[in-house]
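Residue numbers (this note's numbering): 5 to 353.
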């Protein structure tokens, strides 16, 4: 199994995010990880990928794993976009060998030049075996499909915006040919066309993936399983079904739990009353205590299940009246030094 977790337990300080849980992700599993904000979805992905240590249990990962975190930080701001994307495969190291050999081939020392030419020939052979220029074209095509213009491919990462760098990291992870993907909000900073392309890519993806997304369109189209991280009970409810079927089943499950709570409350109430009556008789004291304990257990389980996740009730005031075109821009441009981000933009909102 590419991802296999045994008795995995996650805690942040005194708070338990996940009680001991077993789960696995195999080839073909397309899992949507959902739950309210703050439930611990991102923390769970960080534990799976090894960025954080669990409080207990273990996670074993086999095969290639591609991970897109919410916050992406490139290691080298001087690295070019295309080199960053291609670094996900071994071919990037081959390209570096070629470039180094090319420089040494200009050395006036004939011995150094001859050795460099031999290394160059070997590196070019390895480059062709790895797919050569077709692989580079694949990387560029993937990047442009995610909304990155081809002219930025040779730019340094440090010259680009945060949104552009996140798209670069997403392109890099998809380009890596990893067996399993973990994607935390992959549609952030993507335009509509790029989101459609990503949905189609994930539908065709033959490996397994775990995705966190607020895009119900993406979840509806690409997942075949849904894991609901219950912040209240610190457990994962696992549904082997698509998004719409999950939404329906969730309602059915909540109704079943509501009926079970009603039955438990009535049973606990009867036990309490019996315990109170028996407690008045000295010979029945032990039986009374047992009944009271059973009632307390039932009520404890019921009260915990009855807690509702709080949802903020936010209301925006009515805005003041404005014109038909409150924002209009004509021929605007922006540059950082010699790096032109955009130019000649006209828009009206």
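The beta-carbon is built from N, C-alpha and C at its ideal position, and this holds for glycine as well.
These numbers come from a predicted model, not from an experiment.
Exclusion of the five residues before and after residue 224 leaves 246, 247 and 248 as the residues of its chain whose Cβ lies within less than 8 Å of its Cβ. In this structure, the beta-carbon distance from residue 191 to residue 202 falls below 8 Å. Under DSSP, residue 230 forms a beta bridge with 36 and 243.
By the Cβ-count criterion, residue 252 is exposed, with fewer than 16 other Cβ atoms from all chains shown falling within 10 Å of its own Cβ. Following the DSSP letters along the chain, one finds residue 338 inside the beta strand (DSSP E) bounded by residues 332-340. Per DSSP, reduced to three states, the secondary structure at residue 294 is helical.
Around residue 134, the same chain offers 94, 95 and 98 as residues with beta carbons nearer than 7 Å, after the five sequence neighbours per side are excluded. Inter-segment contact for the region 171-185 and the region 105-124 is absent: fewer than three beta-carbon pairs are separated by less than 8 Å. Judged by DSSP secondary structure, residue 98 falls within the alpha helix (DSSP H) whose first and last residues are 95-108. In terms of Cβ geometry, residue 144 and residue 154 form a close pair [threshold 8 Å]. By alpha-carbon distance to residue 54, the top candidate from 33, 89, 8 and 20 is 8. Residue burial is scored here from C-beta neighbours: residue 213 has at least 16 other C-beta atoms within 10 angstroms and is therefore classed as buried. In the DSSP assignment, residue 352 falls within the beta strand (DSSP E) that extends over 343-352. Of the residues assessed, residue 242 falls on the exposed side of the cut-off, its CB having fewer than 16 other CB atoms within 10 angstroms.
Taking C-alpha positions only, residue 208 is separated from residue 33 by approximately 12 Å. Take residue 239, set aside five residues on each side of it, and the residues of its chain with a beta-carbon closer than 6 Å to its own are 23, in chain order.
Linking residue 136 to residue 90 through their CA atoms gives a straight-line distance of about 11 Å.
Within the region 141-210, complete alpha helix (DSSP H) segments of at least 4 residues are found at 166-179 and 196-208, given in chain order.
In this structure, the CA atom of residue 236 is about 14 Å from the CA atom of residue 38. Per DSSP, the unbroken beta strand (DSSP E) holding residue 27 starts and ends at 19-29. Between the beta-carbon of residue 83 and that of residue 160 there is about 7 Å, and that keeps the pair under the 8 Å contact cut. Residue 131: member of the alpha helix (DSSP H) spanning 114-133, first to last residue. Burial state of residue 334 is exposed, judged by a 10 Å Cβ sphere holding fewer than 16 other Cβ atoms. Only buried fits residue 229, as 16 or more other CB atoms lie within 10 angstroms of its CB. With a contact defined as Cβ atoms closer than 8 Å, residue 67 and residue 6 qualify at about 5 Å.
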